[in-house]
Amino acid sequence: MNNEAIPVSVLTGFLGSGKTTMLRHLLRQPEFSRTAVIINEFGEVGLDHELLEASEDSFIELQTGCLCCKIRTDLAQTLAELLRRRDEGRCAPFDRIVIETSGLADPAPILQTLMTDTTIAGRIVLGSVVTTVDAVTGAATLEREGISQKQVAVADRIVLTKLDLAGPAKPALLRRLEAFNAGAPVLVADHGRVDSLLVFSSGFYDLQTKSADVNAWLADEAHGHSHTRHDADIKAYAIVRQEPIRAVALTLFLEALAEHCGADMLRLKGIVNILESPNRPAVIHGVQHVFHAPAWLDRWPSDDRRSRIVFITRRIPQRWVEVLLEAIGEEVADVPVIMDLPAARLIRAAPP
Amino acid sequence: MSEVGELVHELLVQSLAAWRVAGSVARASDGALEIGGNRKDIRIERAPPHLMFRWMVTIDGRTRGAISLVAVLRQVREAIDPGYAANRLRIAVAPLVPSQ
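Respectively, the protein sequence lines represent chains A and B. Going by the numbering used here, the residue at position 343 of the first sequence is 343; the numbering climbs one at a time, nothing skipped. Numbers in the numbering used here are just positions in the second sequence, counted from 1, shifted up by 1000.
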């Protein structure tokens, strides 16, 4: 093994399972200060980079599509470019790379690329694979989504998230995780906080320790087999609004989405310019039946102050979502604006 | 009674499509919207100004008030979509805007 090879860790997990939240926490830890980050989002408007506090020059976002589907070559080229920048001193020094995949990414081709691509061979080595699993929806997602099963099966570490919503880890979920990957320790993240020394500490990827299914997937990829990567009904789209959105309109909008979309709302995330809070944008997250209360950023992360909400849905038409927001905005246009609502209410959908 | 706006008209049309239920939305001569589907007759109109509701929803002759479009959609879908089971909701007290 080349001593100078830089470990590339893969952070994966199904949509909304808490990857970015955990990465955000990790990047604040001193031991992660020399980390370059590559993020792949499935959608036309990237947001995760706005939510991470990584240095600009050691951060790359791949936005041309899902990492596993279209841009396998792009990944290798991106890594090669990142290494070139490092060699030439054109970016902050780093000795670790973390790739955050999109929630719909099939991990197999990504791992295959990291292990085999000749353009980066010798310079990088596959580090650990960490998979986040939502304790609220994880069991149902594992039941329904083959991609989620793959993500769990290839993990060196499984990190359970959202136990604050789900309560103690349910035996049924733990049994499912064990069935797909008995060898991976299961860690717990508390609002993204996880033991940073444990989470990426498993060393280099070893195919021998993975289940037979994982070997089969990776072998398939090596032979260039074609697979239907994603459910054809899954669509990603974004709503962008120049004008601020009233808080009450956002609440009603989320309420309607929770009521009518349910499990078909695979993921919603957004940064929203709230009329009543012009300097502190709201970050909203929703996964299937669970919509979180908004988190308030201290300031806008960039000069772009538009509201941007990304949806990853199954069979939910974009136009319906757009008209819903417009109609609700029009409906509440005559409501007086109150700039200080100390304890207003936000609708949250209960887990199924 | 004022006419129901075009945006609401489109929202209802789009909602039927999103819910994947058969039905139609038409405008009545008095400006209300009439929805047909699942052998139900539904009429949406603006509530009179003296009532606390924004909307009045009449389903097979029974009229109920609705305080928001979200409530209108709920009533319409419950009537027109036999397979609909609204997601259970719980209310969390949380700041709607950040404390200063």
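The beta carbon of each residue, even a glycine, is placed where N, CA and C say it ideally should be.
Among the CB atoms of chain B, one or more fall inside 9 Å of the CB of leucine 252(A). Taking C-beta separations shorter than 7 Å and ignoring five residues to either side along the sequence, the partners of alanine 1022(B) in its chain run Gly1037, following chain order.
Under the rule that a run must span 3 or more residues, the beta strand (DSSP E) segments found entirely inside the stretch 230 to 287 of chain A read 234 to 241, 265 to 274 and 277 to 287.
Inclusion of threonine 131(A) and isoleucine 158(A) in the CB contact set at 9 Å is warranted, their separation being smaller than that value. In summary, threonine 113(A) is buried, with 16 or more beta-carbon neighbours lying within 10 Å of its beta-carbon over all protein chains present. Under DSSP, the beta-bridge partners assigned to isoleucine 1035(B) are Val1025(B) and Ile1042(B). Shown here is that no member of the stretch 1023 to 1043 of chain B has a Cβ falling below 8 Å from a Cβ of chain A.
Nearest CB-CB separation between valine 98(A) and chain B: not below the 9 Å threshold. When the Cα atoms are used, glutamate 1010(B) and serine 307(A) turn out to be separated by approximately 23 Å.
With contacts defined by Cβ atoms closer than 9 Å, leucine 252(A) and leucine 1069(B) form a contacting pair.
Excluding residues up to 5 positions away in sequence, Ile274 and Glu276 lie with their Cβ nearer than 6 Å to the Cβ of alanine 247(A) in the same chain. Valine 8(A) sits close to valine 98(A), with the two beta carbons spaced by under 9 Å. Neighbourhood of glutamine 1075(B) in chain A, by CB distance below 7 Å: empty, with the nearest CB roughly 12 Å away. Each residue's CA atom was taken as its position, placing arginine 1027(B) and methionine 1056(B) some 15 Å apart.
Identification of residues in the stretch 292 to 321 of chain A having a C-beta nearer than 7 Å to some C-beta of chain B yields Ala293, Trp296, Ile316, Pro317, Arg319 and Trp320, given in sequence order. If you draw a 10 Å sphere on the C-beta of valine 337(A), you find fewer than 16 other C-beta atoms in it, and that means exposed. Of all alpha-carbon atoms in Phe1053(B), Asp1041(B), Arg1046(B) and His1050(B), the one lying nearest the alpha-carbon of glycine 1061(B) is that of Asp1041(B). Remark: fewer than three beta-carbon pairs, one from each stretch, lie closer than 8 Å, so the stretch 113 to 130 of chain A and the stretch 161 to 174 of chain A are not flagged as touching. For the pair glutamate 88(A) and leucine 79(A), the Cα-to-Cα distance works out to about 14 Å.
Under DSSP, no beta-bridge partner is assigned to isoleucine 328(A). Against chain B, the beta carbon of alanine 327(A) has neighbours under 9 Å at Gly1005, Leu1007, Val1008, Glu1010, Leu1011 and Leu1069, listed in chain order. Per DSSP, the unbroken alpha helix (DSSP H) holding glutamate 143(A) starts and ends at 138 to 144. Judged by their CB atoms, isoleucine 147(A) and glutamate 100(A) are not nearer to each other than the 9 Å cut-off. Rounded to the nearest angstrom, the gap between the Cα atoms of valine 1025(B) and glutamine 29(A) is 56 Å.
Rounded to whole angstroms, the Cβ separation of alanine 1018(B) and proline 317(A) is 5 Å, and the two are in contact under 8 Å.
Listed by position along chain B, the residues whose Cβ is nearer than 7 Å to that of leucine 324(A) are Leu1011. Serine 9(A) is bridged by DSSP to Val98(A). Shown here, isoleucine 312(A) sits in a strand according to DSSP, grouped into three states. Separation of the CB atoms of threonine 12(A) and glycine 192(A) is rounded to 16 Å, and the pair is thereby denied contact status at 8 Å. For the C-beta of alanine 5(A), not a single chain B residue is nearer than 7 Å; the gap to the nearest is close to 45 Å. Chain order gives the chain B residues near alanine 256(A) as Val1070 and Leu1073, where near means a beta carbon separation below 7 Å. DSSP places tryptophan 300(A) outside both helix and strand once states are collapsed to three, so it counts as coil.
Distance from the CA atom of phenylalanine 291(A) to the CA atom of leucine 254(A), rounded to whole angstroms, is 8 Å. At a cut-off of 9 Å between beta-carbon atoms, glutamate 243(A) makes no contact with chain B. In the DSSP assignment, serine 307(A) is bridged to Arg241(A). With fewer than 16 other beta carbons inside 10 angstroms of its own, glycine 1031(B) counts as exposed.
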